[in-house]
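Reviewing the structure listed below.
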Amino acid sequence: NKVPGVNILETEDSYKIELAAPGLTKEDFQINLKKDTLSVWAERKALEGADQKDYTRKEFDYNSFARSFVLPESVDAEKISAEYVNGILNITIGKDVAKLQEKEIKVS
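Position in the sequence shown counted from 1, then plus 199, gives you the working numbering.
Now the structure itself:
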């Protein structure tokens with residue numbers, strides 16, 4: 200199985216994961232958050248008949264894959280969304296603002 204490339208961007212209030220997975224549909228994806236690990240996997244049923252071609256070289260065949268990402272403590276599990284557009288799975292993970300606040304510790 201091939202593993203799709205990924206871009207990860209951190210903004211002030213969220214993390215954004217862009218996962219390149221051309222040729223799939225949004226129904227092919229499953230996304231799961233368990234504790235601090237975000238898992239993404241996809242599986243596409245094999246094409247039959249006219250859609251199946253005899254390639255001499257095929258480098259972006261993502262019929263199935265799995266990727267996992269360990270998330271920092273600052274994420275808000277209630278603020279996760281995903282969208283599949285033009286062959287890119289975009290996952291947005293909001294940050295928990297309360298966990299990001301800076302705190303001064305007084306030495307006693």
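All residues carry an ideal CB built from backbone N, CA and C; glycine is no exception. Every value quoted in this text rests on a predicted model; they were computed, and no experiment measured them.
Since residue i is in the beta strand (DSSP E), which residue starts that stretch and which ends it?
i      : result
Arg243 : Arg243 -> no beta strand (DSSP E), and no H or E assigned at all.
Glu209 : Val205 to Glu209
Glu226 : No beta strand (DSSP E) contains Glu226, which DSSP labels as neither H nor E.
Glu217 : Ser213 to Ala219
Mark residue i as exposed unless 16 or more other C-beta atoms lie within 10 angstroms of its C-beta, in which case mark it buried.
i      : result
Leu208 : exposed
Ile304 : exposed
Ala276 : exposed
Val239 : buried
Tyr254 : exposed
Pro221 : exposed
Pro271 : exposed
Starting from the C-beta of residue i, find all residues in its chain whose C-beta is less than 7 Å away, skip the five residues before and the five after it, and write them out in chain order.
i      : result
Ser273 : Lys294, Asp295, Lys298 and Leu299
Ala219 : Pro203, Gly204, Gly286 and Ile287
According to DSSP, what are the bridge partners of residue i?
i      : result
Ser310 : For residue 310 there is no data in the structure shown, the boundaries of the chain being 200 and 307.
Thr236 : Lys233 and Val269
Val274 : Lys294
Who are the Cβ neighbours of residue i in its own chain at under 8 Å, not counting the five residues just before and after it?
i      : result
Ala281 : Phe228, Ile230, Leu288, Asn289, Ile290 and Thr291
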